[in-house]
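What follows is a set of notes on a single structure, which appears directly below.
Number of protein chains: 2
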Amino acid sequence: MNHESFLSRAAAGMTQSAIRRMGGILATGRDIVSFAPGYPAPDTFAWDDFRAIAAELLASRDGSILQYGPTRGYRPLLEVIAGLQRGRGIDTAIEDLLVTTGSQQGLDLVARVLIDPGDVILVELPTYVGAISAFRNAQATMIGVPQEQDGIDLDALDRTFARLAADGRRVKFLYVVPNFQNPTGLLIGLDKRRRLLEWAERRDVLVVEDDPYRDLYFEDSASEAEVRPIKADDRSGRVIYLSSFSKTLAPGYRVAWIAAAPPLAAKLEMAKQAEDLLTGSLDQRVVYEACKRGVLDRQVPTLRRHYAHKRDVMQDALKRELGDLATWPRPSGGFFLWLTLPASVNADIMLPRAIEEGVIYVAGEAFYVNGEGQNTLRLSFSAPTPERIETGVSRLARALRAELAASATAAGAARQGAP
Amino acid sequence: MNHESFLSRAAAGMTQSAIRRMGGILATGRDIVSFAPGYPAPDTFAWDDFRAIAAELLASRDGSILQYGPTRGYRPLLEVIAGLQRGRGIDTAIEDLLVTTGSQQGLDLVARVLIDPGDVILVELPTYVGAISAFRNAQATMIGVPQEQDGIDLDALDRTFARLAADGRRVKFLYVVPNFQNPTGLLIGLDKRRRLLEWAERRDVLVVEDDPYRDLYFEDSASEAEVRPIKADDRSGRVIYLSSFSKTLAPGYRVAWIAAAPPLAAKLEMAKQAEDLLTGSLDQRVVYEACKRGVLDRQVPTLRRHYAHKRDVMQDALKRELGDLATWPRPSGGFFLWLTLPASVNADIMLPRAIEEGVIYVAGEAFYVNGEGQNTLRLSFSAPTPERIETGVSRLARALRAELAASATAAGAARQGAP
Numbered sequence: 002m003n004h005e006s007f008l009s010r011a012a013a014g015m016t017q018s019a020i021r022r023m024g025g026i027l028a029t030g031r032d033i034v035s036f037a038p039g040y041p042a043p044d045t046f047a048w049d050d051f052r053a054i055a056a057e058l059l060a061s062r063d064g065s066i067l068q069y070g071p072t073r074g075y076r077p078l079l080e081v082i083a084g085l086q087r088g089r090g091i092d093t094a095i096e097d098l099l100v101t102t103g104s105q106q107g108l109d110l111v112a113r114v115l116i117d118p119g120d121v122i123l124v125e126l127p128t129y130v131g132a133i134s135a136f137r138n139a140q141a142t143m144i145g146v147p148q149e150q151d152g153i154d155l156d157a158l159d160r161t162f163a164r165l166a167a168d169g170r171r172v173k174f175l176y177v178v179p180n181f182q183n184p185t186g187l188l189i190g191l192d193k194r195r196r197l198l199e200w201a202e203r204r205d206v207l208v209v210e211d212d213p214y215r216d217l218y219f220e221d222s223a224s225e226a227e228v229r230p231i232k233a234d235d236r237s238g239r240v241i242y243l244s245s246f247s248k249t250l251a252p253g254y255r256v257a258w259i260a261a262a263p264p265l266a267a268k269l270e271m272a273k274q275a276e277d278l279l280t281g282s283l284d285q286r287v288v289y290e291a292c293k294r295g296v297l298d299r300q301v302p303t304l305r306r307h308y309a310h311k312r313d314v315m316q317d318a319l320k321r322e323l324g325d326l327a328t329w330p331r332p333s334g335g336f337f338l339w340l341t342l343p344a345s346v347n348a349d350i351m352l353p354r355a356i357e358e359g360v361i362y363v364a365g366e367a368f369y370v371n372g373e374g375q376n377t378l379r380l381s382f383s384a385p386t387p388e389r390i391e392t393g394v395s396r397l398a399r400a401l402r403a404e405l406a407a408s409a410t411a412a413g414a415a416r417q418g419a420p
Numbered sequence: 002m003n004h005e006s007f008l009s010r011a012a013a014g015m016t017q018s019a020i021r022r023m024g025g026i027l028a029t030g031r032d033i034v035s036f037a038p039g040y041p042a043p044d045t046f047a048w049d050d051f052r053a054i055a056a057e058l059l060a061s062r063d064g065s066i067l068q069y070g071p072t073r074g075y076r077p078l079l080e081v082i083a084g085l086q087r088g089r090g091i092d093t094a095i096e097d098l099l100v101t102t103g104s105q106q107g108l109d110l111v112a113r114v115l116i117d118p119g120d121v122i123l124v125e126l127p128t129y130v131g132a133i134s135a136f137r138n139a140q141a142t143m144i145g146v147p148q149e150q151d152g153i154d155l156d157a158l159d160r161t162f163a164r165l166a167a168d169g170r171r172v173k174f175l176y177v178v179p180n181f182q183n184p185t186g187l188l189i190g191l192d193k194r195r196r197l198l199e200w201a202e203r204r205d206v207l208v209v210e211d212d213p214y215r216d217l218y219f220e221d222s223a224s225e226a227e228v229r230p231i232k233a234d235d236r237s238g239r240v241i242y243l244s245s246f247s248k249t250l251a252p253g254y255r256v257a258w259i260a261a262a263p264p265l266a267a268k269l270e271m272a273k274q275a276e277d278l279l280t281g282s283l284d285q286r287v288v289y290e291a292c293k294r295g296v297l298d299r300q301v302p303t304l305r306r307h308y309a310h311k312r313d314v315m316q317d318a319l320k321r322e323l324g325d326l327a328t329w330p331r332p333s334g335g336f337f338l339w340l341t342l343p344a345s346v347n348a349d350i351m352l353p354r355a356i357e358e359g360v361i362y363v364a365g366e367a368f369y370v371n372g373e374g375q376n377t378l379r380l381s382f383s384a385p386t387p388e389r390i391e392t393g394v395s396r397l398a399r400a401l402r403a404e405l406a407a408s409a410t411a412a413g414a415a416r417q418g419a420p
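If you're matching them up, the sequences are chains P and X in order. Here the numbering used here is used: position 72 in the first sequence is 73, and no number is missing along the way. Here the numbering used here is used: position 100 in the second sequence is 101, and no number is missing along the way.
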């Protein structure tokens with residue numbers, strides 16, 4: 002039978018994520034250094050604490066630990082999250098909060114609650130591919146805005162808005178990742194954050210602020226003051242704020258959160274009711290206990306040092322191996338390093354050669370909503386060991402030099418063959 | 002600021018679930034017997050096994066246990082699920098399967114992948130309220146088909162289809178819960194299952210078969226042969242089959258699955274990628290170990306006896322207390338008992354009186370897509386102890402008798418006041 006004819010328009014437009022396709026390559030079991038997915042380093046996880054917490058919870062035989070529970074989330078966890086938000090400068094009521102099954106669900110809920118097919122939303126160029134998927138599945142029209150060294154270009158943003166408004170198109174929201182953006186690692190400057198919020202007020206646009214990497218600033222190059230969320234200065238409920246325990250505790254628990262003005266939070270809750278009823282009960286309890294017992298507070302400074310060191314290792318290796326061929330903004334936090342290659346190189350076409358050399362990355366094009374970025378790629382330094390980072394960068398350099406040599410040969414042959 | 006103006010059409014139509022609203026009442030801490038949500042009995046959970054499994058997994062420090070993982074699910078768990086499916090008579094390849102974050106996510110994914118706004122789907126009258134929410138959020142037009150003692154009325158089904166076809170409307174799928182339906186507890190007869198599938202083939206309609214209660218047949222009144230899924234006889238990939246570990250292991254793990262023809266399964270996977278990336282890694286591992294170590298096999302016969310006993314207790318209490326006022330089909334499995342009250346009673350209006358007496362249920366109207374069912378209600382016998390079931394039914398009887406007395410007085414007053 003023909004199943005295609007039963008698909009919704011949204012399903013017809015769905016594609017496999019560029020990042021998650023890489024999983025198949027890794028599953029082959031070959032010796033491949035993976036710079037592709039933004040996985041946290043599992044050796045940093047608080048294994049012993051998690052084991053002790055799980056054992057105690059399950060020994061209690063408190064039914065609620067494995068039972069259905071409220072869609073909003075486990076109430077004491079919501080209170081802990083409100084406290085975390087206050088620590089970030091965001092005044093948060095329980096009515097603003099919803100636990101989500103990873104921040105990916107938060108993005109999906111935002112898409113469902115705000116986007117009708119054809120609605121215009123603005124995103125950074127490039128931007129997080131998981132957000133692109135969630136917005137695409139809601140059939141949004143995504144328009145990209147370029148970035149500068151200190152994040153999104155506000156002049157270009159307003160020009161884009163004005164052009165759309167002149168065409169009679171309304172912009173529902175702007176999606177931004179202000180801290181150590183996925184994929185570029187860029188940080189939006191503090192003054193720019195303030196002006197961005199003023200712009201959103203003036204133009205009556207919502208801001209969706211995705212902030213999974215906030216805690217992971219590297220103390221040699223960024224300070225806590227610099228990662229102050231846009232939401233912290235939001236007085237009118239214009240900013241929807243997402244964050245997560247995936248990068249600081251562990252992604253396998255799938256515990257993240259979203260904070261929004263109560264009328265929006267109520268709709269996000271209803272959308273979540275129909276989407277998965279609730280986030281895992283035991284997972285929420287473990288995360289709650291990990292916060293209450295100080296595990297999160299102990300983890301975070303260690304993680305900053307851990308990932309800063311790996312950033313250094315990758316950057317030094319890149320300078321040594323590819324300093325003449327690639328450029329990148331120096332990341333002051335997060336998991337990612339964003340490479341721009343010579344204009345003649347297509348990172349997606351180069352990928353089979355890289356796999357042959359034993360290294361994978363995500364080709365940059367997947368992060369662009371406008372088809373650009375062919376000569377860019379995202380490297381994640383978070384999961385591999387320093388030694389593997391060195392090995393992977395050497396392999397990447399070999400692949401790139403071979404790619405350039407092959408295209409020079411091809412270009413030479415083309416010239417010779419020309420009349 | 003006005004947030005309403007930013008909402009999608011889907012969000013504007015979203016409402017709070019009737020079942021989950023009850024959570025708020027329970028949270029007040031009053032002495033209330035809850036017959037409202039279909040919660041499994043937490044004293045039946047395999048606490049010791051879960052504790053041992055979690056401790057072993059976390060002691061292993063195997064990174065993948067708390068890491069991101071494949072959207073389809075943990076591969077060994079998929080293989081276990083394929084085996085469970087074979088035990089139900091369903092020939093299943095790994096390519097057919099996807100782990101979902103509860104069956105609620107399965108329903109939501111089905112809705113996203115198949116439904117465009119305004120598409121027609123058919124559902125039983127009454128049907129599972131969580132499915133109604135998922136389909137409503139995708140802006141489906143839901144048309145109800147009445148049920149008989151042995152499940153959906155096939156003549157009414159075909160008449161409904163023909164009427165829609167004559168109006169030029171295409172029906173995308175029929176949603177059914179063939180085993181111990183939520184909310185009625187009805188079982189579709191075996192012969193009717195066969196004819197239902199033939200009908201779907203003839204009319205070129207997909208079947209979405211939701212089967213969370215299959216293992217919970219009560220051996221005094223139903224046999225394993227009678228719960229054979231419709232999917233077991235599907236040769237063309239017409240049936241999308243959903244089932245879950247929530248009712249047999251524990252709902253807090255949020256581990257369920259969906260089986261569909263590979264072209265549909267591929268789209269369901271893409272939809273899940275954007276919805277939550279993956280179901281909890283540790284949760285999947287615990288469920289896998291619980292299956293592999295025989296915990297599930299040991300649990301199920303115990304659960305059958307446990308819930309059959311509670312069904313008996315509730316039924317005896319209802320006969321004694323309400324035998325003259327209410328009728329219900331005797332459930333031969335599952336969690337629910339479906340009461341029809343005198344036509345003059347509105348179960349939703351009666352609810353405050355029931356709460357005052359100290360008992361809650363779900364008013365039946367929420368399960369009807371056509372606004373019927375005012376004099377029906379759903380009782381869940383799964384979670385309360387036998388003693389609490391007795392207490393709750395007595396309280397329900399008091400509430401109903403008071404409601405009838407009040408409406409008789411009101412009717413008398415109305416008659417006296419008439420000219």
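Where a beta carbon is used, it is the ideal one built from N, C-alpha and C, also for glycine. Note that this is a predicted model, so its numbers are computed, not measured.
Is the Cβ-Cβ distance between T93 (chain X) and A257 (chain X) less than 8 Å? Mapped onto the second sequence, residue 93 (chain X) falls at position 92. Mapped onto the second sequence, residue 257 (chain X) falls at position 256. No; because the gap between Cβ atoms is not below 8 Å, this pair is not in contact.
Note down the Cα distance separating A167 (chain X) from P118 (chain X), rounded to an integer number of angstroms. Within the second sequence, numbered from 1, the residue matching residue 167 (chain X) stands at position 166. Within the second sequence, numbered from 1, the residue matching residue 118 (chain X) stands at position 117. Distance between the alpha carbons of A167 (chain X) and P118 (chain X): 20 Å.
If the cut-off is 9 Å on Cβ atoms, which residues from the segment 35-48 of chain X count as contacting chain P, listed in chain order? P38, G39, Y40, P41, A42, P43, D44, F46, W48
Please confirm if the segment 368-378 of chain X is in contact with the segment 26-35 of chain X, defined as three or more CB-CB distances below 8 Å between the two stretches. no
How would you list, in chain order, the residues of chain X whose beta-carbon sits under 9 Å from the beta-carbon of V114 (chain P)? To locate residue 114 (chain P), count along the first sequence from 1; it is residue 113. Ordered by position in chain X, the residues that pass the 9 Å Cβ test against V114 (chain P) are F7, L8, S9, A11, A12, M15.
Per the contact definition of three or more C-beta pairs closer than 8 Å, is the segment 300-320 of chain P in contact with the segment 283-303 of chain X? no
Please classify I350 (chain P): is it buried, with 16 or more other beta-carbons within 10 angstroms of its beta-carbon, or exposed? Against the first sequence, residue 350 (chain P) aligns to sequence position 349. Classification of I350 (chain P): exposed, given that the 10 Å Cβ count is below 16.
Say whether the segment 57-71 of chain P touches the segment 237-257 of chain X, bearing in mind that this needs 3 or more beta-carbon pairs closer than 8 Å, one atom from each stretch. yes
Nearest-angstrom Cβ-Cβ length linking R379 (chain X) and F337 (chain X), presumed shorter than 8 Å: Within the second sequence, numbered from 1, the residue matching residue 379 (chain X) stands at position 378. Within the second sequence, numbered from 1, the residue matching residue 337 (chain X) stands at position 336. Right, the Cβ-Cβ distance comes to about 6 Å (below 8 Å), so this counts as a contact.
Please report how far the alpha carbon of Q106 (chain P) lies from the alpha carbon of S18 (chain X), in whole angstroms. As a position in the first sequence, residue 106 (chain P) is number 105, starting the count at 1. As a position in the second sequence, residue 18 (chain X) is number 17, starting the count at 1. Taking the straight line from one Cα to the other gives about 19 Å.
Rounded to whole angstroms, how far is the Cβ of T328 (chain X) from the Cβ of A348 (chain X), which I believe are closer than 8 Å? Counting from 1 along the second sequence, the entry for residue 328 (chain X) is found at position 327. Counting from 1 along the second sequence, the entry for residue 348 (chain X) is found at position 347. Wrong, their Cβ atoms sit about 14 Å apart, outside the cutoff.
According to a CB-to-CB cut-off of less than 7 Å, which residues of the segment 72-105 of chain X neighbour chain C? Note that chain C does not occur in the displayed structure, where the protein chains are P and X.
On the premise that L279 (chain P) lies in contact with F51 (chain X), defined as a C-beta separation below 8 Å, what is that separation, rounded to the nearest angstrom? The residue labelled residue 51 (chain X) in the question sits at position 50 within the second sequence. The residue labelled residue 279 (chain P) in the question sits at position 278 within the first sequence. About 18 Å separates the two Cβ atoms, so there is no contact after all.
Rounded straight-line distance, which links the Cα of R416 (chain X) to that of L340 (chain X): Residue 340 (chain X) sits at position 339 when you count from the first residue of the second sequence. Residue 416 (chain X) sits at position 415 when you count from the first residue of the second sequence. C-alpha separation (whole angstroms): 30 Å.
What in chain P is Cβ-close to Q68 (chain X), meaning under 7 Å? Taking the first residue of the second sequence as 1, we reach residue 68 (chain X) at position 67. What Q68 (chain X) touches in chain P: Y40, P43, P252, G253.
Which chain P residues sit within Cβ distance under 8 Å of F51 (chain X)? Residue 51 (chain X) sits at position 50 when you count from the first residue of the second sequence. Within chain P, the residues near F51 (chain X) are L59, L67.
Inter-residue Cα distance where the pair is L99 (chain X) and E270 (chain X): Within the second sequence, numbered from 1, the residue matching residue 99 (chain X) stands at position 98. Within the second sequence, numbered from 1, the residue matching residue 270 (chain X) stands at position 269. Straight-line Cα distance between these residues: approximately 7 Å.
List the residues of chain X whose Cβ lies closer than 8 Å to the Cβ of P264 (chain P), in chain order. To locate residue 264 (chain P), count along the first sequence from 1; it is residue 263. Those are H4, E5, listed as they occur along chain X.
By Cβ distance, which residues of its chain are closer than 8 Å to Q300 (chain X), with the 5 residues on each side in sequence left out? Taking the second sequence and counting its residues from 1, the one referred to as residue 300 (chain X) is at position 299. Excluding positions up to five away in sequence, the list reads T45, A47, T249, L250.
Compare the C-beta of A411 (chain P) with all C-beta atoms of chain X and state if any pair is closer than 8 Å. To locate residue 411 (chain P), count along the first sequence from 1; it is residue 410. Judged by the 8 Å Cβ criterion, A411 (chain P) is not in contact with chain X.
Three-state secondary structure (DSSP) of E34 (chain X): Along the second sequence, one-based indexing puts residue 34 (chain X) at 33. As written in the sequence, residue 34 (chain X) is Val, which differs from the Glu given in the question. V34 (chain X) falls in the strand class under three-state DSSP.
For the candidate residues P:V114, P:D205, P:E276, whose alpha-carbon lies nearest to that of G103 (chain P)? Along the first sequence, read from residue 1 onward, the residue named residue 103 (chain P) stands at position 102. The candidate whose alpha carbon is nearest that of G103 (chain P) is P:E276.
Classification of N180 (chain X) by the beta-carbon crowding that lies within 10 angstroms, buried from 16 upward: As a working mapping, residue 180 (chain X) is identified with position 179 in the second sequence. Per the 10 Å Cβ criterion, buried.
Option nearest L304 (chain P) by Cα separation, candidates P:D216, P:I33, P:M15, P:D325: Taking the first residue of the first sequence as position 1, residue 304 (chain P) is located at position 303. The residue with the shortest Cα to Cα distance from L304 (chain P) is P:D216.
For N3 (chain X), count the other beta carbons within 10 Å of its own beta carbon; 16 or more makes it buried, fewer makes it exposed. Which is it? Residue 3 (chain X) sits at position 2 when you count from the first residue of the second sequence. Result: exposed.
Could you please give the first and the last residue of the uninterrupted beta strand (DSSP E) stretch that includes L338 (chain X)? Position 337 of the second sequence, counting from 1, holds the residue named residue 338 (chain X). Per DSSP, L338 (chain X) belongs to the beta strand (DSSP E) from 337-341.
Cβ contact (3+ pairs, closer than 8 Å) linking the segment 380-400 of chain X and the segment 149-162 of chain X: no
Would you call the segment 352-366 of chain P and the segment 394-414 of chain P in contact, with 3 or more CB pairs under 8 Å? yes
Contact set between S408 (chain X) and chain P, taken where Cβ atoms lie within less than 8 Å: Within the second sequence, residue 408 (chain X) is the residue found at index 407, counting from 1. Within 8 Å Cβ-Cβ: nothing; S408 (chain X) doesn't reach chain P, min ~33 Å.
Proximal residues of chain X, C-beta to C-beta of Q300 (chain P) below 8 Å: In the first sequence, residue 300 (chain P) corresponds to position 299, counting from 1. Simply none; closest approach about 13 Å.
Going by beta-carbon coordinates alone, are P343 (chain X) and L405 (chain X) separated by less than 8 Å? As a working note, residue 343 (chain X) is residue 342 in the second sequence. As a working note, residue 405 (chain X) is residue 404 in the second sequence. Yes, they are a contact pair.
With 8 Å as the threshold, decide whether the Cβ of S237 (chain P) is near any Cβ in chain X. Taking the first residue of the first sequence as 1, we reach residue 237 (chain P) at position 236. S237 (chain P) counts as touching chain X.
May I ask you to check if the CB of D313 (chain P) is nearer than 7 Å to at least one heavy atom of the ligand ZN? The ligand ZN is absent from the structure shown, which contains no ligands of any kind.
CA-to-CA distance, I133 (chain X) to G324 (chain X), given in whole angstroms: Here residue 324 (chain X) is taken as the residue at index 323 of the second sequence, counted from 1. Here residue 133 (chain X) is taken as the residue at index 132 of the second sequence, counted from 1. Going by the C-alpha atoms only, they are around 31 Å apart.
Quick one: any contact between the segment 233-245 of chain X and the segment 204-220 of chain P, if contact means 3 or more CB pairs under 8 Å? no
For T377 (chain P), the three-state DSSP class (helix, strand or coil): Position 376 of the first sequence, counting from 1, holds the residue named residue 377 (chain P). Correct three-state label for T377 (chain P): strand.
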